[in-house]
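Have a look at the structure below before the remarks.
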Amino acid sequence: MEIQELNALSPLRAFDESLNGGLGKGNLGVLVSRHGIGKTACLVHLATDKLFRNEHIIHVSFSGNVEHVINWYKEVFRQISENRSLEDAAVIYNEILANRVVMNFSQENVSVEKVLSSLETLIRQGSFNADAIMFDGYKLTVATEDDVRKIKQFAMDLRVEVWFSVSPVRPDVQFDDNGVPNTILKYENLIDVLIGLKYNETMDKVIMTLVKDGETIDPKPMRVTLDPKTMLISE
Amino acid sequence: MSEITKMRNIGISAHIDSGKTTLSERILYYSNRIHAIHEVRGKDGVGATMDSMELERERGITIASAATNVSWKDHPINVIDTPGHVDFTIEVERSLRVLDGAILVLCSVAGVQSQSITVDRQMKRYRVPRIAFINKCDRTGANPIRVKQQLIDKLGLNAVLLQIPIGLEDRLQGVVDLITMKAIYFDGPSGDILRYEEIPAELQGDAATKREEMLDAVSLCSDELMEAMLEDAVTEDLIYKAIRKGTIALELVPVLMGSAYKNKGIQPLLDSVIAYLPNPTEVTNTALDIDNEEQAVVLKADENLPAVILGFKLEDGQYGQLTYIRIYQGKLKKGDELINTRSRKKFKVGRLVRMHASSMEDIVEAGCGDIAALFGVECASGDTFCHPSLNYSMTSMYVPKPVISLSINPIDKKSADNMAKALNRFTKEDPTFNTYVDPESNQTIIQGMGELHLEVYVERMRREYKAEVVTDRPEVAYREAISQRAEFNYTHKKQTGGSGQYARVAGYIEPIEEGEDAKEYEFVDMIKGGVIPSEYIPSCDKGFQNAVKKGTQLGFPVVGIRAVVNDGAYHAVDSSDQAFQTAALSAFREVYDRAKPVILEPVMKVSVEGPTEFQGNIFGSINQRRGIIISSTEDGAACTVDAEVPLSEMFGYSTVLRSLTQGKAEFTMELAKYSRVPTSVSEELKAAYQEKRRKEQGK
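Chains as they are written, first to last, in this note's numbering: chain A, 555 to 789; chain B, 232 to 930.
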């Protein structure tokens, strides 16, 4: 299969459709769930789909282990390319690598200002024209409202799409039926798209619920789910 | 086992001018009392600094020998030389892996300098526990407390003062030991006599505060000490244990101070080496099992196990060729049989020696963890010697191919002789360094892993071998490859009186699919019915092999190519080995262009480390060099940027990086892969090659 066809058939088209054409630049999207549901996989799949479509991605991680992140991408790429028998997979992989930078902050409690200034440095001085920024494991639930507002401003100023994968930090967090923790609600007005992930035992799938889309707060399940075995988004 | 736990293998590393030579000499003096103290600076006070090599020659001591054995309070200490040039990996890796601990020497005036940062970073990378010694406290402007703070701020070390100075600059008298809470003075003309006194009244307050700080920091490494503090039952022994534990776990760095020149503070430093730095059993060392896909195996410092030994340094001394070894597992006796796991050669251990400051001692046996030297062993630096039952290697057997070459010309006959000696030595020491004489230009070419790598060797030729050479511009080792299958059918015919030549070969060439163990060249014989007699098949193979040595685009080797012969013809009289070789070679030249050849260039994995404030400059510099940023990691004030950059764009990068970052960043690089050169660049390269050939033919 050629890359164009692969993109057209991607389950991510259905994902975008649920969001009326995607998140869009200048907006903040959030994936939330309990630990271990597959947010990172989901985030990497979103990023890989963008890379397939020639977009530039910065993946921000706070884990201290860059290798780990790079392996996620490798694995997601391998699965997609094998499922679809992608032609020239090795060549395409090398090409898309050039469009992805992993930015890692190993220091604990690094400030939002520091993260944003490093991102801006990479985009401006490194001439890296990022289309989207994926924040993997950012502690959004303990960030202040001011922090989130700064990220929103950054997304608008630099015309980038921003995705977060968020796990609650505190152990006493309450989750609603869609897998959304109550601690995220204080920023609801700053978030453009909020998606909750929750494992459904009878279906053996992770259900993705679009909790908030723009101004609409009317939770409804998306057409796509996350396969807990492959950790990929599927229709 | 009692012996091995007493042993210490340490390195002394320092910024130039922070007094490493003087300190080393004092350590030799106090530990062996073998000679009077000599000063590095001339007596006339003008201060012409002698380098340590000259110093050695004059004194007949071996400070700069790869390892010197001394003894302090019944503890054998091997002082291992750390290379002054820390810029390329193999040498650094070797010397750092032999150390179990190190003394980081700092100048009390200049503090943490750029080279200290580099050295410390390498020690972090190899997880070497260390003690800091703040030297030159007798100098004007000395401020050890500030230097300790720099260790925290600039190096991110958990530096903990174990002493405070008594007086500073020209009034330096001694130090206060914060553990025993005693003042120590160094009496006698050479500071040999230690006098313990009460802490001077004016320092008592400060000493008490600093002791509290020290205890707070140290107790974080030990629950036992923490509890003792709560119960007010702190003992000196508990403190020593806690510091030792923290130092070995790399959680803290004890800070001592003094002045080597004024003979102050050296004995407590030696005590600390024994007290806090690990013995060989406290360090985990691993080897790679060659029989098991180079899986890592943990070595045990147990002398009853089969021996595993690393030859870390070769030295051509006054005594002949010495191979310095470290025994990681098992022990070594004269007459033992060992196998060199690289060359697969077995040998018997002949003369075994230990190097002291002024003499060499023949020994019969060397124990586990020890450092010794072997005479007359045929080997290269970095070779592993094992008991014949094992097939381990201390370093990966994978030797990357050189990516850069440089032509060098000696300026006169004497330099030419010396250069030959130097090259012979370097190629033995470093498997990534190659040399050969180019048959076309008749010039000596050296090859290695990077510009800096070769620069260091050229510099060493000058300095150590007095070989003056003129160098050309470095050249990248490109490769050529084909991108599609193409068929050939070539007849070689020659009739020039006497016996003629006749051979016809037909078949195709095609690229070998990329993969992890893809071959560089493959020959496939698909001849049926003996149209080419079997005795000439190897001739065809040989012809192709000769052809791929030099592609026609840039004159570099053609790689990843399969040559298949499936048809041909011969003549009963005129066919010969030579005729088929020529036919294959000509067939290749004829078909090559139709197989759409491309140029491949080495792409390096570049890792730049420096302060975060220069991150933008680092990003920019990579971007300008056709580089791809793979990742960037920030940890407090330091950042690491990993990227892939074509080697041809990396020339002069060290200079550029230095000026972009005020000398505060450094980079390492290694070969990542060979990639296709973009069309615009390959056109330029080809034009330059054609131009060069035209010039050569015009000559």
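Every residue, glycine too, gets a C-beta built ideally from N, C-alpha and C.
TODO: Work out the CA separation of B:D567 and B:P307 for me, nearest whole Å.
DONE: The residue given as residue 307 of chain B occupies position 76 in the second sequence. The residue given as residue 567 of chain B occupies position 336 in the second sequence. Annotation: B:P307 to B:D567 spans about 24 Å, alpha carbon to alpha carbon.
query: Are A:P773 and A:N732 touching if we call contact CB-CB under 8 Å?
result: Residue mapping note: residue 773 of chain A aligns to position 219 of the first sequence, counting from 1. Residue mapping note: residue 732 of chain A aligns to position 178 of the first sequence, counting from 1. Yes, Cβ-Cβ distance for A:P773 and A:N732 is below 8 Å.
Self-check item: Residues of its chain near A:Y561, where Cβ-Cβ distance is below 7 Å and the 5 sequence neighbours each way are ignored
Solution: Reading the first sequence from its first residue, position 7 is the one you call residue 561 of chain A. It is worth fixing the name first, because residue 561 of chain A is Asn in this sequence and not Tyr. Correct list, in chain order: F606 and R607.
Would you mind reading off the limits of the beta strand (DSSP E) that contains A:Q558? Translated into positions along the first sequence, residue 558 of chain A becomes position 4. Segment I557 to L563 is the alpha helix (DSSP H) holding A:Q558; no beta strand (DSSP E) there.
Quick test of your reading: B:K367 and B:S490, contact by CB under 8 Å. State the CB separation rounded to the nearest angstrom. Within the second sequence, numbered from 1, the residue matching residue 367 of chain B stands at position 136. Within the second sequence, numbered from 1, the residue matching residue 490 of chain B stands at position 259. Between B:K367 and B:S490 the beta-carbon gap is near 6 Å, inside 8 Å, which marks them as a contact.
Contiguous beta strand (DSSP E) assignments of at least 3 residues, all confined to the stretch 676-725 of chain B:
The qualifying runs are 700-702, 710-713 and 717-725.
request  = Quick one: residues in its chain with C-beta nearer than 8 Å to the C-beta of B:I768, no 5 flanking neighbours on either side, listed in chain order?
outcome  = By one-based count along the second sequence, residue 768 of chain B stands at place 537. For B:I768, where only same-chain residues beyond five positions count, the Cβ hits under 8 Å are D756, I758 and V796.
First through last residue of the beta strand (DSSP E) which encompasses B:E897 | Here residue 897 of chain B refers to the residue found at position 666 when the second sequence is read from its first residue. B:E897 -> beta strand (DSSP E) spans E897 to R907.
**OP:** Go through its chain and collect everything with a Cβ distance to A:D570's Cβ below 8 Å, but skip five positions before and after it.
**Re:** Position 16 of the first sequence holds residue 570 of chain A. So the qualifying residues of the chain are G576.
**Study point:** Close beta carbons around B:K274, own chain, < 7 Å, minus the five adjacent residues each side
**Key:** Position 43 of the second sequence, counted from the start, is the residue given in the question as residue 274 of chain B. Interpretation of B:K274 is limited by its pLDDT of 40, a score under 50 that renders its predicted location unreliable; no figure is taken from the coordinates.
* **Residues near A:N683 in its chain [Cβ-Cβ closer than 6 Å; skip 5 each side]** => In the first sequence, residue 683 of chain A corresponds to position 129, counting from 1. These residues qualify, in order along the chain: H610.
Notebook entry, point to check: For B:S878, which residues from the same chain have a beta carbon less than 6 Å from its beta carbon, with the 5 sequence-adjacent residues on both sides left out?
Noted result: By one-based count along the second sequence, residue 878 of chain B stands at place 647. Per the sequence presented here, residue 878 of chain B reads as Leu, with Ser not at that position. So the list reads V634, V707, P833 and M835, once near-sequence residues are dropped.
Quick one: residues in its chain with C-beta nearer than 7 Å to the C-beta of B:T572, no 5 flanking neighbours on either side, listed in chain order?
The count along the second sequence starts at 1 and reaches residue 572 of chain B at position 341. If we look at B:T572 and ignore the five residues flanking it on each side, its Cβ neighbours are I521, T615, C617, N622, Y623 and S624.
Which of helix, strand or coil DSSP assigns to A:K704: The count along the first sequence starts at 1 and reaches residue 704 of chain A at position 150. In the structure shown, A:K704 sits in a helix (DSSP, three-state: H, G or I).
A:H622 burial status per 10 Å Cβ neighbour count (16 or more: buried): To locate residue 622 of chain A, count along the first sequence from 1; it is residue 68. Around the C-beta of A:H622, fewer than 16 other C-beta atoms lie within 10 Å, and the residue is accordingly described as exposed.
According to DSSP, which residues form a beta bridge with A:L585? Here residue 585 of chain A is taken as the residue at index 31 of the first sequence, counted from 1. Per DSSP, A:S719 and A:I749.
- Query: Can you round the beta-carbon distance between B:G228 and B:A814 to whole angstroms, since I take them to be within the 8 Å contact cut?
  - Reply: As displayed, chain B neither begins before 232 nor continues past 930, which places residue 228 of chain B out of reach and without an answer.
Pick helix, strand or coil for B:I743, following the three-state DSSP scheme.
Within the second sequence, residue 743 of chain B is the residue found at index 512, counting from 1. Reduced to three states, the DSSP call for B:I743 is coil.
Any idea which residues DSSP pairs A:Q661 with across the strands? As a working note, residue 661 of chain A is residue 107 in the first sequence. None; A:Q661 has no bridge partner.
Apart from the five residues on each side of it in sequence, which residues of its chain come closer than 7 Å, Cβ to Cβ, to B:E429?
Taking the second sequence and counting its residues from 1, the one referred to as residue 429 of chain B is at position 198. Cβ-Cβ distances below 7 Å link B:E429 to A414 in the same chain, with the five nearest sequence neighbours on each side left out; the list follows chain order.
### Message
Quick check: what's the CA-CA separation for A:L712 versus B:M650?
### Response
If you number the first sequence from 1, residue 712 of chain A lands on position 158. If you number the second sequence from 1, residue 650 of chain B lands on position 419. Each residue's Cα considered, the two are about 58 Å apart.
- Task: Please determine, among B:R377, B:V595, B:Y688 and B:M586, the residue with the shortest C-alpha to C-alpha distance to B:S636.
- Result: Taking the first residue of the second sequence as position 1, residue 636 of chain B is located at position 405. Nearest option by C-alpha distance: B:Y688.
Q. So, is the C-beta of B:Q394 closer than 8 Å to a C-beta in chain A?
A. For the purposes of this step, residue 394 of chain B is taken as residue 163 along the second sequence, with counting starting at 1. Not closer than 8 Å to any Cβ of chain A, the Cβ of B:Q394 fails to qualify, so no.
Discussion item. Strictly by DSSP, which residues pair up with B:S862?
Written reply: In the second sequence, the residue the question calls residue 862 of chain B occupies position 631. Residue pairing by DSSP places B:S862 opposite A:V656 and B:D873 in a beta bridge.
**Q.** Continuous beta strand (DSSP E) stretch holding B:P828: start and end
**A.** Sequence index remark: in the second sequence, residue 828 of chain B carries index 597 (1-based). That run of the beta strand (DSSP E) goes P828 to P842.
> Which bits of chain A does B:N854 rub up against, with CB to CB less than 7 Å?
Replying inline: By 1-based counting over the second sequence, the position of residue 854 of chain B is 623. By Cβ distance, chain A contributes G680 and S681.
| task | Pull up the distance between the alpha-carbon of B:N913 and that of A:D642, whole angstroms please. | result | Residue mapping note: residue 913 of chain B aligns to position 682 of the second sequence, counting from 1. Residue mapping note: residue 642 of chain A aligns to position 88 of the first sequence, counting from 1. For the sequence presented, residue 913 of chain B should be read as Ser rather than Asn. Taking the straight line joining both Cα atoms gives about 22 Å.
- Query: Using the beta-carbon count (16 or more within 10 Å), is B:L519 buried or exposed?
  - Reply: The residue you call residue 519 of chain B lines up with position 288 of the second sequence. Under this definition B:L519 is a buried residue.
| message | In the DSSP output, which residue or residues are listed as bridge partners for B:N848? | response | On the second sequence, residue 848 of chain B is found 617 positions in, with the first residue counted as 1. DSSP lists no partner for B:N848.
Please state the DSSP three-state secondary structure of B:R361. One-based indexing of the second sequence puts residue 361 of chain B at position 130. B:R361 carries a strand assignment under DSSP once its states are collapsed to helix, strand and coil.
query = Taking 8 Å as the CB-CB limit, is A:N658 close to chain B?
reply = Within the first sequence, numbered from 1, the residue matching residue 658 of chain A stands at position 104. Yes - at least one Cβ of chain B is within 8 Å of the one on A:N658.
- B:F850 to B:V872, Cα distance in whole Å? Translated into the one-based positions of the second sequence, residue 850 of chain B becomes position 619. Translated into the one-based positions of the second sequence, residue 872 of chain B becomes position 641. B:F850 and B:V872: Cα-Cα distance of roughly 8 Å.
| message | For a quick check, are the C-beta atoms of B:A737 and B:P662 less than 8 Å apart? | response | By one-based count along the second sequence, residue 737 of chain B stands at place 506. By one-based count along the second sequence, residue 662 of chain B stands at place 431. It is not a contact, given that the beta carbons lie outside the stated cut-off.
- Message: Closer than 8 Å is the cut-off here; do at least three beta carbon pairs connect the stretch 854-864 of chain B with the stretch 880-887 of chain B?
- Response: Contact between the stretch 854-864 of chain B and the stretch 880-887 of chain B is present, because at least three Cβ pairs lie under 8 Å.
Interface residues of chain A facing B:Q893 [CB-CB closer than 7 Å]
Position 662 of the second sequence, counted from the start, is the residue given in the question as residue 893 of chain B. For a Cβ distance threshold of 7 Å, nothing in chain A lies close to B:Q893: the least Cβ distance comes to about 17 Å.
**Report entry** Buried versus exposed call for A:M555 [16 or more other C-beta atoms within 10 Å across all chains shown]
**Finding:** As a working note, residue 555 of chain A is residue 1 in the first sequence. It is exposed - the Cβ of A:M555 has fewer than 16 other Cβ atoms within 10 Å.
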